[in-house]
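>
There are 2 protein chains.
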Amino acid sequence: MRSMRILNDEVVKSILDIKSTVECVEKAYSLKAKQQARLFSMISEEIIEGKAEMDIKSGMLDGDNVFGLKLVSWFGDNTKQGLPAITGLTMIFDLVHGFPKGVLNASYMTGMRTGAAGALGIKYLARSNSSVLSVVGTGRMAIFQIAATLSVMPGIKKVHIYDPLNYENAKKFQDGIKKELGKIINDLNDQDNQLWLRRIDEVLFVATDDPQKMLMDSDAVITITPSRTPLLKKAWIKPGTHLSCIGADVAGKQEIDENIFKEAVVCVDDRQQAVTVGETQCAFRANIIESSDLIEIGHLIIGESEGRRSDQDITIFDSTGISLQDLAVSNGLILKAEELNLGELVQI
Amino acid sequence: MRSMRILNDEVVKSILDIKSTVECVEKAYSLKAKQQARLFSMISEEIIEGKAEMDIKSGMLDGDNVFGLKLVSWFGDNTKQGLPAITGLTMIFDLVHGFPKGVLNASYMTGMRTGAAGALGIKYLARSNSSVLSVVGTGRMAIFQIAATLSVMPGIKKVHIYDPLNYENAKKFQDGIKKELGKIINDLNDQDNQLWLRRIDEVLFVATDDPQKMLMDSDAVITITPSRTPLLKKAWIKPGTHLSCIGADVAGKQEIDENIFKEAVVCVDDRQQAVTVGETQCAFRANIIESSDLIEIGHLIIGESEGRRSDQDITIFDSTGISLQDLAVSNGLILKAEELNLGELVQI
Chain A
16 MRSMRILNDE
26 VVKSILDIKS
36 TVECVEKAYS
46 LKAKQQARLF
56 SMISEEIIEG
66 KAEMDIKSGM
76 LDGDNVFGLK
86 LVSWFGDNTK
96 QGLPAITGLT
106 MIFDLVHGFP
116 KGVLNASYMT
126 GMRTGAAGAL
136 GIKYLARSNS
146 SVLSVVGTGR
156 MAIFQIAATL
166 SVMPGIKKVH
176 IYDPLNYENA
186 KKFQDGIKKE
196 LGKIINDLND
206 QDNQLWLRRI
216 DEVLFVATDD
226 PQKMLMDSDA
236 VITITPSRTP
246 LLKKAWIKPG
256 THLSCIGADV
266 AGKQEIDENI
276 FKEAVVCVDD
286 RQQAVTVGET
296 QCAFRANIIE
306 SSDLIEIGHL
316 IIGESEGRRS
326 DQDITIFDST
336 GISLQDLAVS
346 NGLILKAEEL
356 NLGELVQI
Chain B
16 MRSMRILNDE
26 VVKSILDIKS
36 TVECVEKAYS
46 LKAKQQARLF
56 SMISEEIIEG
66 KAEMDIKSGM
76 LDGDNVFGLK
86 LVSWFGDNTK
96 QGLPAITGLT
106 MIFDLVHGFP
116 KGVLNASYMT
126 GMRTGAAGAL
136 GIKYLARSNS
146 SVLSVVGTGR
156 MAIFQIAATL
166 SVMPGIKKVH
176 IYDPLNYENA
186 KKFQDGIKKE
196 LGKIINDLND
206 QDNQLWLRRI
216 DEVLFVATDD
226 PQKMLMDSDA
236 VITITPSRTP
246 LLKKAWIKPG
256 THLSCIGADV
266 AGKQEIDENI
276 FKEAVVCVDD
286 RQQAVTVGET
296 QCAFRANIIE
306 SSDLIEIGHL
316 IIGESEGRRS
326 DQDITIFDST
336 GISLQDLAVS
346 NGLILKAEEL
356 NLGELVQI
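Heads up: the sequence lines are chains A and B, in that order.
So the first sequence is numbered by my numbering: it starts at 16 and just counts up by one.
So the second sequence is numbered by my numbering: it starts at 16 and just counts up by one.
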């Protein structure tokens, strides 16, 4: 029998830092661009009408010598019982013999790798002198978006918080965000998270109920909501703004006015997913944009495509989330756990 | 944190018996017919050209309150190093909260549940007085086909073994089959496997190099090869014969002459899979059969459809293998392991 490593939620939280998460996701995107990685079809199913969904994202990363999948489910009623709504596991196999390497709790990792995506959109598309971030959405996922962006963009000193449903949510989020960010490890080598706590401390967080005013004072915007109607109007977006649109990941979701796509430079993680389940779907259906107009972010990262050309460009990164993020981060976690002898080795 | 059970190869082999495997697969088929189960799209990918493949079968069994998936890979070169070519894991989640119940080594289980499929085809479609079985194919999977059939059909007293490539393989298989069958547990309640060993002993196994002659003396036939050309001709099939076609499970595979479908009663495990990746694909493409002609075996089991109508009918069961078999057997294994306190409970 062979052994594989089980990494539970506690172990994952203890060794997953933002820095390496962003590095893994960046690498995953670039391997895709270099055709050293492949996505398999996504399976997305409603399993109990209106109450439970699940999806399976699978693929292979030749560059990391692994393949595998992540199954994530959402059971809406769990929260009524104080239970987490989202559950996920990844399974990683080696590409040499096909043997299992590990099974990981994917809940925390999913937040982190999704945060990394939003932040990489900003790193590669926003103006390099960006100092003000706006975040639309105040759910748990928003915390990871902010963490990754602050980690990647040292120039960001102010973060607006906007909740399209309720100003009180934004206020509460503003009051609690420094504490929440402090719980996240930015860099495993940063003793007691000291540098990170200092980084958080230099940022001003401001709740707002006026998205139009907020956008006048924004260099980069992240949308991370389950919205099905556009929350941000085209007229509100000033030249030079970057938007990382993260919330839309199934058919029917939309966070920004599709007309913004008319004049924007549009990057995506995966073309096919973007036009079917991503923010791009509406602009695509309205013939505002064609699939061939879309630049995959991996091509920006490896320098094969150009994104922003001037400080006046409006740029969009539409991330629907791809298996390669999960595979790269999971494999990174397994290697780190091996090094530190963490997790449980089980015979399989 | 929550706990889930890990069942490794050794544990699975120690508690998985043929009897309960057949019961689980029978239940899975009937839940599908009662629409208390759903298959999700199958993912099937070649991951290294000509050398490695992988597929993911997923679905939900409302009747058992579980959902999940099985990932199985084939790495052809492994055997050169004395390593198993097939590796598989199943992940099972509960349908109440979406929490993981268990991760299981699926290698042995896959053989057993595939054997159960072939045997159920015989149980529901072959003449009830069948006494002679013919098996085409002498790989490891053939052993499970024979085991399940002998378990389900007490009237079978003779088994022909035919290897389309090489008579020597059939001879070797014949010489070793009783020992191999003896390693399988038929019924956990059968002390020391005694009744099972006696059952095996009353069967005559005969290697043959003449398929035509073999078919003259066959009541039921199982094909379990990776063939891509028909091995059995229409003219050789005598009236009354049943064929369980198990080998064809990807596009391009075929084991029997598609013209046999012209006059046969055709059952499948899943219509859509059958016409795309099953034995049925050739007959379907040649317009010999329509999707609406196909009877799903679950409907036979629950008595909603009729299969064989006379002793003269030729019947076919085309099984491509569905996730519901894996989910039902895996869930049965988890329940059994809980009862016996076996496997490893890990925090996740």
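Heads up, the beta-carbon is just placed ideally off N, CA and C, and yes, glycines get one too.
From a predicted model like this one, the values you see are computed outputs, not experimental measurements.
#1: Residue range of the alpha helix (DSSP H) that Ile215 (chain A) falls in?
#2: At a CB-CB cut-off below 8 angstroms, which residues of chain B make contact with Ser56 (chain A)?
#3: If we call anything under 8 angstroms between Cβ atoms a contact, is Ile30 (chain A) one with Glu359 (chain A)?
#4: Just mark Val87 (chain B) as buried or exposed, buried being the case when its beta carbon has 16 or more other beta carbons within 10 Å.
#5: Please identify the residue among B:Leu196, B:Pro245 and B:Arg142 whose C-alpha is closest to the C-alpha of Asp368 (chain B).
#6: What are the residues that DSSP puts in a beta bridge with Val147 (chain B)?
#7: Quick check: the Cα distance between Cys260 (chain B) and Tyr139 (chain B), rounded to an integer number of angstroms?
#8: I believe His257 (chain A) touches Ile101 (chain A) by the beta-carbon criterion, under 8 angstroms. Please report the beta-carbon distance rounded to the nearest angstrom.
#9: Per DSSP, which residues does Met106 (chain B) bridge with? Please list them.
#10: So Gly74 (chain B) is in the beta strand (DSSP E); what residue range does that whole segment cover?
#11: Output the residue ranges of the alpha helix (DSSP H) runs that lie fully inside the region 184–269 of chain A and measure 4 residues or longer, sorted by chain position.
#12: Sort out for me which residues DSSP pairs Phe332 (chain A) with in a bridge.
#13: Relative to the alpha-carbon of Phe276 (chain B), which residue among B:Gly267, B:Asp264 and B:Cys297 has its alpha-carbon at the smallest distance?
#14: Please classify Lys194 (chain B) as buried or exposed, where buried requires at least 16 neighbouring CB atoms within 10 angstroms.
#15: Give a yes or no on whether the C-beta atoms belonging to Val26 (chain A) and Leu357 (chain A) are separated by under 8 angstroms.
#16: State buried or exposed for Thr94 (chain B), treating a residue as buried only when at least 16 other CB atoms are found within 10 Å of its CB.
#17: Taking only the alpha-carbon atoms, compute the straight-line gap between Glu60 (chain A) and Lys187 (chain B) and give it to the nearest angstrom.
#18: For Ala90 (chain A), which beta-bridge partners are listed by DSSP?
#19: Any C-beta of chain B within less than 9 angstroms: which residues of the region 284–297 of chain A qualify?
#20: Which residues in chain B sit within 9 angstroms of Ser149 (chain A), going by Cβ to Cβ distance?
#21: With DSSP as the reference, label Met19 (chain A) as helix, strand or coil.
#22: Compute the Euclidean distance between the alpha carbons of Asp202 (chain B) and Asn208 (chain B), then round it to the nearest angstrom.
#23: CA-CA distance, His175 (chain B) and Asn274 (chain B)?
#24: Using Cβ-Cβ distances below 7 angstroms, what residues of the region 38–55 of chain B are close to chain A?
#25: Indicate whether at least one CB of chain A lies closer than 8 angstroms to the CB of Pro2 (chain B).
#26: So who's on the other strand from Leu361 (chain B), going by DSSP bridges?
#27: Val361 (chain A) CB to nearest chain B CB: under 8 angstroms?
#28: Rank B:Lys49, B:Thr125, B:Phe55 and B:Asp92 by C-alpha distance to the C-alpha of Lys28 (chain B) and give the top, closest one.
#29: Measuring straight from C-alpha to C-alpha, what distance separates Val281 (chain B) and Arg142 (chain B)?
#30: Could you tell me which residues DSSP pairs with Ile101 (chain B) in its beta bridges?
#31: Where do the ends of the alpha helix (DSSP H) carrying Leu180 (chain A) lie?
#32: Counting Cβ pairs, one atom from each stretch, are 3 or more of them under 8 angstroms apart for the region 34–42 of chain B and the region 113–133 of chain B?
#33: List the residues of chain B that Val118 (chain A) touches, going by C-beta distances under 7 angstroms, in chain order.
#34: Alpha carbon to alpha carbon, how far is Ile239 (chain B) from Asp285 (chain B)?
#35: Between which two residues does the beta strand (DSSP E) carrying Arg53 (chain B) extend?
#36: For Asn120 (chain A), count the other beta carbons within 10 Å of its own beta carbon; 16 or more makes it buried, fewer makes it exposed. Which is it?
Reading off the structure:
#1: Gln209 to Asp216
#2: Ser56 and Ile58
#3: no
#4: buried
#5: Outside the displayed span of chain B (16 to 363) sits residue 368 (chain B), for which this structure offers no information.
#6: B:Lys173
#7: 14 angstroms
#8: His257 (chain A) to Ile101 (chain A), Cβ: 28 angstroms. No contact.
#9: B:Leu84 and B:Val118
#10: Ala67 to Leu76
#11: 209–216 and 226–231
#12: A:Ser259 and A:Cys282
#13: B:Cys297
#14: exposed
#15: yes
#16: exposed
#17: 47 angstroms
#18: The question names Ala, but residue 90 (chain A) is Phe in the sequence shown. Per DSSP, A:Ala67.
#19: none
#20: Residues of chain B passing the Cβ test: none, with the nearest at roughly 33 angstroms.
#21: strand
#22: 7 angstroms
#23: 23 angstroms
#24: Phe55
#25: The requested residue 2 (chain B) is not part of the displayed model; chain B covers only 16 to 363.
#26: Going by the sequence as given, residue 361 (chain B) is Val instead of Leu. DSSP output for Val361 (chain B) lists B:Met19 as bridge partner(s).
#27: yes
#28: B:Thr125
#29: 15 angstroms
#30: B:Trp89
#31: From DSSP, Leu180 (chain A) is part of no alpha helix (DSSP H); its letter is neither H nor E.
#32: yes
#33: Val118
#34: 18 angstroms
#35: Ala52 to Leu54
#36: buried
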